[in-house]
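S.K.: In order, the protein sequence lines correspond to chains A and B.
Numbering follows UniProt numbering, with no gaps: position 22 of the first sequence is 22.
Numbering follows UniProt numbering, with no gaps: position 162 of the second sequence is 162.
Cβ atoms here follow ideal geometry from the backbone N, Cα and C, with glycine treated the same way.
Input: one structure, supplied below.
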Amino acid sequence: MGAVELRGFGWRHAGRKRWALRGVDLRVEVGERVLLLGSSGAGKSTLLAALAGLLPEDSGEQEGTVEIDGLDPRKARERVGVVFQDPETQLVMARCGDDVAFGLENRGVPAEEIWPRVDEALRRVSFPYDRDRATAALSGGEQQRLALAGTLALRPGLLLLDEPTANLDPAGADLVRRAVADALDADTTLILVEHRVAEALPLVDRVVVLEPGGGVRADGPPEAVFAAHGDALAAAGVWVPGRTVPPRHATAPPGEVLLTADRLGLPPRLAPTDLEVRAGEALAVLGPNGAGKSTLALLLGGLLRPGTGTVAATPALAGRDARTPPHRWRAPALAGRIGSVFQDPEHQFVTSTVRDELALGPRRTGQPEATVTATVDALLERLRLDRLAGANPYTLSGGEARRLSVATALATAPRLLICDEPTFGQDRRTWRELVDLLADLRDAGHGVVAVTHDADFVAALADRTLTLERR
Amino acid sequence: MISVEPVAAAGAPLARRNPVAKLAAALVFTLILVATLDPVAPGIAIAVELAVLPLFGVRYRVLARRAWPLLAGAGGILVTLVLFAADRSGRVLVEAGPVLVTEGVLLTALGLVLRMLAVALPGILVFATTDPTDLTDALIQNAKAPARFAIGALAAFRLVPLLEEEWRIISMARRARGVDAGRNPLAKLRLFGSTAFALLVGAIRRGTRLAVAMDARGFDAGTPRTVARRQRFTRADALLVAGAAAIAGAALTVSVVLGTFRPLIG
Numbered sequence: 001m002g003a004v005e006l007r008g009f010g011w012r013h014a015g016r017k018r019w020a021l022r023g024v025d026l027r028v029e030v031g032e033r034v035l036l037l038g039s040s041g042a043g044k045s046t047l048l049a050a051l052a053g054l055l056p057e058d059s060g061e062q063e064g065t066v067e068i069d070g071l072d073p074r075k076a077r078e079r080v081g082v083v084f085q086d087p088e089t090q091l092v093m094a095r096c097g098d099d100v101a102f103g104l105e106n107r108g109v110p111a112e113e114i115w116p117r118v119d120e121a122l123r124r125v126s127f128p129y130d131r132d133r134a135t136a137a138l139s140g141g142e143q144q145r146l147a148l149a150g151t152l153a154l155r156p157g158l159l160l161l162d163e164p165t166a167n168l169d170p171a172g173a174d175l176v177r178r179a180v181a182d183a184l185d186a187d188t189t190l191i192l193v194e195h196r197v198a199e200a201l202p203l204v205d206r207v208v209v210l211e212p213g214g215g216v217r218a219d220g221p222p223e224a225v226f227a228a229h230g231d232a233l234a235a236a237g238v239w240v241p242g243r244t245v246p247p248r249h250a251t252a253p254p255g256e257v258l259l260t261a262d263r264l265g266l267p268p269r270l271a272p273t274d275l276e277v278r279a280g281e282a283l284a285v286l287g288p289n290g291a292g293k294s295t296l297a298l299l300l301g302g303l304l305r306p307g308t309g310t311v312a313a314t315p316a317l318a319g320r321d322a323r324t325p326p327h328r329w330r331a332p333a334l335a336g337r338i339g340s341v342f343q344d345p346e347h348q349f350v351t352s353t354v355r356d357e358l359a360l361g362p363r364r365t366g367q368p369e370a371t372v373t374a375t376v377d378a379l380l381e382r383l384r385l386d387r388l389a390g391a392n393p394y395t396l397s398g399g400e401a402r403r404l405s406v407a408t409a410l411a412t413a414p415r416l417l418i419c420d421e422p423t424f425g426q427d428r429r430t431w432r433e434l435v436d437l438l439a440d441l442r443d444a445g446h447g448v449v450a451v452t453h454d455a456d457f458v459a460a461l462a463d464r465t466l467t468l469e470r471r
Numbered sequence: 001m002i003s004v005e006p007v008a009a010a011g012a013p014l015a016r017r018n019p020v021a022k023l024a025a026a027l028v029f030t031l032i033l034v035a036t037l038d039p040v041a042p043g044i045a046i047a048v049e050l051a052v053l054p055l056f057g058v059r060y061r062v063l064a065r066r067a068w069p070l071l072a073g074a075g076g077i078l079v080t081l082v083l084f085a086a087d088r089s090g091r092v093l094v095e096a097g098p099v100l101v102t103e104g105v106l107l108t109a110l111g112l113v114l115r116m117l118a119v120a121l122p123g124i125l126v127f128a129t130t131d132p133t134d135l136t137d138a139l140i141q142n143a144k145a146p147a148r149f150a151i152g153a154l155a156a157f158r159l160v161p162l163l164e165e166e167w168r169i170i171s172m173a174r175r176a177r178g179v180d181a182g183r184n185p186l187a188k189l190r191l192f193g194s195t196a197f198a199l200l201v202g203a204i205r206r207g208t209r210l211a212v213a214m215d216a217r218g219f220d221a222g223t224p225r226t227v228a229r230r231q232r233f234t235r236a237d238a239l240l241v242a243g244a245a246a247i248a249g250a251a252l253t254v255s256v257v258l259g260t261f262r263p264l265i266g
């Protein structure tokens, strides 16, 4: 069970002009392991939703056909299991065992069979806790393994994984991939969407690349596909394995100190930490989940009051205001000196168009309107957002939203920029742009602090690293 | 924020009862009490409620911590009514300048406050001793509540604590963008509104994602659901409901016999 057949398949979401997906011909045999690639916006998630039978007929327009074992996917739902990206919105119940049982109850599995199947599924993903463990007490990687168990318990013939590790730290992502590798049996078909190709390759035996305009661009064993299309795929934003990015380290020694942290901490989230942030230097803050990296970013950004110790700005950063700590500054003054980029771009959006979003900071810091327009236009062009100037920030793709959130922080020309996981879930093209942008800023004498799990990003950009330990 | 986690020792004899039985008992108990305006019946009810507390495995100190907003509210209402009630009948107890406290005023105010406590306590007791999952299971299995609705509500309920964290993050993100209200009350209101809007947008998106994930696991399949956790409504559960009705009835009877009974209607 679990054979997939698409013939000239296309889908356009209701109310959209553009087809999310078009002209896709694809056949996947039972037991095949397929990695589905394509730059952002190529329709990978739409294809998975179609296969999972999660595109109701009235939610858009369909072209061609899609079949699972010869059936309409909407009628073959019990043959398909899906694991999505976000762990938080996949778990339904408060206790782990109940969560795995949830799908079995829905499918009407007899009560006496439910708990043995729950235990079996938990074993298959090497779940380390018992059934009564609270789902809220799990780490992201554990939550994703539980979501996988909840899907495997239903014994799907076709397993769809939509970037299941994109929100996880490297250790958690590794656990999930290992669980997938161990849990699959020979007659389960796998279709996996994943940005980080090198890590995903051990799980698959075939690569399919979707073309953003429509159709399938490349299809075959991974080595063959990457040998024939490697360059084009890399240029389109796919993380082709074995292609490194030239590093951009500082060419000049770091400049003056901008910010000093002395025994800075916030119990229980962050242990006391000493730190100096300098102009013309890119500092990477590393460490496992739960070590307090994001908390440190917020403290340095003047957004949280320190629990212990102090953050002090130097006159080079704040002039006469250097006598008061950053968390006491008024917001416009703060935005003009320290820019913060949050992990989730949507948390930062305030207005209803991309243009207004970029103009907000400069206006709040009292720039004349002519300067505001000039700043906004320059940033729109620099970050390839000019075509989207009138769009609502909430409708942007992941890469576009990330570029906009960095651009908004730059609009007030702060001397220090603090980013929390700026490269999370980004395709190769946006990733490279971010590295270049931050390197240019650093070379122009700005200070850059990045909290990150991304080892490639650290290797490409960081001049100095600080590693926090788990408490 | 109000905590919703159960605080009781799980093995206590009444805490173990079927959640629907506990809910029904609380409902019957309070409905009967609402019928009177006098202070005697609710007074007896409160005494009974406090006396059965150990049977629910709830310690007095824990209850006080959970119920303190209610106690503070009750105190406030008592003072307000005593000072400002229109009805000034009965013997004068205190007269100091504009403050005039009579027997009638005091009785009415006391009756109202005691009633409020007597009605609120059973509800607090039920939720302090009941796991939300068990309550949902029992509502579906014993009270024939629609499963789609009850489980949907339970799943949404799980996302509520995330909102508090989300609010903090959005507020900090706005400050980072150079947006704050300073001392201007109008700007404060606007900032509150726009933060709430961003929170709402995020909550809707999250809810949609959760709904899709639930449907992907067959929540909308239409096949009759089976239950993994069986909830039973036993004779002991029926006795709990009957007992609650009997005690509330007895409290009313005492109030009638003492002549303090004042029906709500009529």
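#1: Of all Cβ atoms in chain A, is any one closer than 8 Å to the Cβ of R146(B)?
#2: Classify D454(A): buried if its beta carbon has 16 or more other beta carbons within 10 angstroms, exposed otherwise.
#3: Should L264(B) and A35(B) be called a contact, given that it needs their Cβ atoms to be closer than 8 Å?
#4: Taking just the CA atoms, how far does A64(B) sit from E256(A)?
#5: Please confirm whether Q367(A) has its beta-carbon closer than 8 Å to some beta-carbon of chain B.
#6: Just checking: is the beta-carbon of F84(A) within a distance shorter than 8 Å of some beta-carbon in chain B?
#7: Whole angstroms are fine: how far does the CA of R206(A) sit from the CA of T375(A)?
#8: Mind listing the chain A neighbours of I170(B)? Cutoff is C-beta to C-beta under 8 Å, in chain order.
#9: Can L48(A) and V240(A) be called in contact, C-beta distance under 8 Å?
#10: I170(B) to T408(A), Cα distance in whole Å?
#11: Please list, in chain order, all residues of the same chain as L233(A) whose beta carbon is under 6 Å from its beta carbon, the five residues on each side excluded.
#12: Can you find a C-beta in chain B that's less than 8 Å from the C-beta of I114(A)?
#13: Starting from W11(A), follow its DSSP beta bridges and name the residues at the other end.
#14: Reducing DSSP to helix, strand and coil, say where G172(A) ends up.
#15: Which residue spans inside the segment 219-258 of chain A form an unbroken beta strand (DSSP E) run of at least 3?
#16: Ends of the beta strand (DSSP E) at V109(A)?
#17: If you run the structure through DSSP and keep just helix, strand and coil, what is V209(A)?
#18: Rounding to the nearest angstrom, what Cα-Cα distance links residue 349(B) and G249(B) in this structure?
#19: Do three or more CB pairs link the segment 293-301 of chain A to the segment 417-429 of chain A at distances below 8 Å?
#20: Taking only three categories from DSSP, how would you classify G202(B)?
#21: Could you give the distance in angstroms between the alpha-carbon of L27(B) and the alpha-carbon of E103(B)?
#22: In this structure, how does DSSP classify R174(B) when only helix, strand and coil are distinguished?
#23: Work out the CA separation of V92(B) and L78(B) for me, nearest whole Å.
#24: If distances are taken between C-alpha atoms only, which option among L138(A), E400(A), L37(A) and V208(A) comes closest to G172(A)?
#25: Using DSSP bridges, identify the partner residues of I191(A).
#26: For L358(A), report the span of its alpha helix (DSSP H) as first-last.
#27: Relative to the C-alpha of V245(A), which residue among L6(A), R429(A), M93(A) and T373(A) is closest?
#28: Is there a C-beta anywhere in chain B that falls below 8 Å from the one on L303(A)?
#29: Please list, in chain order, all residues of the same chain as L122(A) whose beta carbon is under 7 Å from its beta carbon, the five residues on each side excluded.
#30: What's the call for residue 472(A), buried or exposed, on a 16-neighbour Cβ count within 10 Å?
#31: In terms of residue numbering, what span does the beta strand (DSSP E) encompassing A271(A) cover?
#32: May I ask you to report which of helix, strand or coil DSSP gives A250(B)?
#33: Do you know offhand how far R384(A)'s Cα is from G43(A)'s?
#34: Which residue spans inside the segment 188-232 of chain B form an unbroken alpha helix (DSSP H) run of at least 4?
#35: If you draw a straight line from the C-alpha of V24(A) to the C-alpha of V238(A), how long is it?
#36: From the DSSP output, which residues share a beta bridge with E67(A)?
M.R.: The answer reads as follows:
#1: Taking the second sequence and counting its residues from 1, one reaches residue 146(B) at position 146. Here the sequence assigns Pro to residue 146(B), which means Arg is not the residue at that position. So no, P146(B) is outside the interface.
#2: As a working note, residue 454(A) is residue 454 in the first sequence. With 16 or more Cβ atoms within 10 Å of its Cβ, D454(A) is classed as buried.
#3: Walking along the second sequence from the start, residue 264(B) turns up at place 264. Walking along the second sequence from the start, residue 35(B) turns up at place 35. Taking 8 Å as the Cβ cut-off, L264(B) and A35(B) qualify as a contacting pair.
#4: Translated into the one-based positions of the first sequence, residue 256(A) becomes position 256. Translated into the one-based positions of the second sequence, residue 64(B) becomes position 64. Looking at the two C-alpha atoms, the distance is approximately 56 Å.
#5: Here the question's residue 367(A) lines up with position 367 in the first sequence. Cβ-Cβ to chain B under 8 Å: no for Q367(A).
#6: The sequence position of residue 84(A) within the first sequence is 84, counting from 1. Cβ-Cβ to chain B under 8 Å: yes for F84(A).
#7: Taking the first residue of the first sequence as 1, we reach residue 375(A) at position 375. Taking the first residue of the first sequence as 1, we reach residue 206(A) at position 206. Going from the Cα of T375(A) to the Cα of R206(A) covers about 46 Å.
#8: Along the second sequence, read from residue 1 onward, the residue named residue 170(B) stands at position 170. Under the 8 Å cutoff, chain A gives H347.
#9: In the first sequence, counting from the first residue as 1, residue 48(A) sits at position 48. In the first sequence, counting from the first residue as 1, residue 240(A) sits at position 240. Cβ atoms of L48(A) and V240(A): not closer than 8 Å.
#10: Residue mapping note: residue 170(B) aligns to position 170 of the second sequence, counting from 1. Residue mapping note: residue 408(A) aligns to position 408 of the first sequence, counting from 1. Approximately 15 Å between the Cα atoms of the pair.
#11: The residue labelled residue 233(A) in the question sits at position 233 within the first sequence. Within the same chain, L233(A) has close Cβ partners V240.
#12: For the purposes of this step, residue 114(A) is taken as residue 114 along the first sequence, with counting starting at 1. Chain B contact via Cβ: present.
#13: What you label residue 11(A) is simply residue 11 of the first sequence in a count that begins at 1. In DSSP, W11(A) forms a bridge with L21(A) and Q62(A).
#14: Taking the first sequence and counting its residues from 1, one reaches residue 172(A) at position 172. Three-state DSSP puts G172(A) in a helix.
#15: none
#16: For the purposes of this step, residue 109(A) is identified with residue 109 of the first sequence, where counting begins at 1. That residue, V109(A), is in no beta strand (DSSP E); it is neither H nor E in DSSP.
#17: Position 209 of the first sequence, counted from the first residue, corresponds to residue 209(A). The answer is strand: DSSP assigns V209(A) an E or B state.
#18: This structure does not reach residue 349(B), given that chain B is present from 1 up to 266, and the question cannot be answered.
#19: yes
#20: Looking up residue 202(B) in the second sequence gives position 202. Helix, per DSSP.
#21: Within the second sequence, residue 27(B) is the residue found at index 27, counting from 1. Within the second sequence, residue 103(B) is the residue found at index 103, counting from 1. Approximately 32 Å between the Cα atoms of the pair.
#22: As a first step, residue 174(B) is located in the second sequence; it is residue number 174 there, counting from the start. Here R174(B) sits in helix by DSSP.
#23: Position 78 of the second sequence, counted from the first residue, corresponds to residue 78(B). Position 92 of the second sequence, counted from the first residue, corresponds to residue 92(B). Each residue's alpha carbon lies about 17 Å from the other.
#24: Here residue 172(A) refers to the residue found at position 172 when the first sequence is read from its first residue. Answer by Cα proximity: L138(A).
#25: Along the first sequence, read from residue 1 onward, the residue named residue 191(A) stands at position 191. DSSP, once it has assigned bridges, lists V34(A) and L160(A) as partnering I191(A).
#26: The residue labelled residue 358(A) in the question sits at position 358 within the first sequence. Unbroken alpha helix (DSSP H) run through L358(A): V354 to R364.
#27: Here residue 245(A) refers to the residue found at position 245 of the first sequence. Checked all of L6(A), R429(A), M93(A) and T373(A); the closest Cα to V245(A) is R429(A).
#28: Here residue 303(A) corresponds to residue number 303 of the first sequence, with the count starting at 1. It does; some Cβ of chain B falls within 8 Å.
#29: Indexing the first sequence from 1 puts residue 122(A) at position 122. Once the five neighbours on either side are set aside, the close Cβ partners of L122(A) are V100 and A149.
#30: Nothing can be reported for residue 472(A): it is not among the residues displayed for chain A, which extend from 1 to 471.
#31: Taking the first residue of the first sequence as position 1, residue 271(A) is located at position 271. L270 to R278 is the extent of the beta strand (DSSP E) around A271(A).
#32: Numbered from its first residue, the second sequence carries residue 250(B) at position 250. Looking at A250(B) - three-state DSSP - the assignment turns out to be helix.
#33: For the purposes of this step, residue 384(A) is identified with residue 384 of the first sequence, where counting begins at 1. For the purposes of this step, residue 43(A) is identified with residue 43 of the first sequence, where counting begins at 1. Using only the alpha carbons, I get a separation of about 21 Å.
#34: none
#35: Working through the first sequence from its first residue, we reach residue 24(A) at position 24. Working through the first sequence from its first residue, we reach residue 238(A) at position 238. One C-alpha to the other measures close to 19 Å.
#36: As a working note, residue 67(A) is residue 67 in the first sequence. Bridge partners of E67(A): E5(A).
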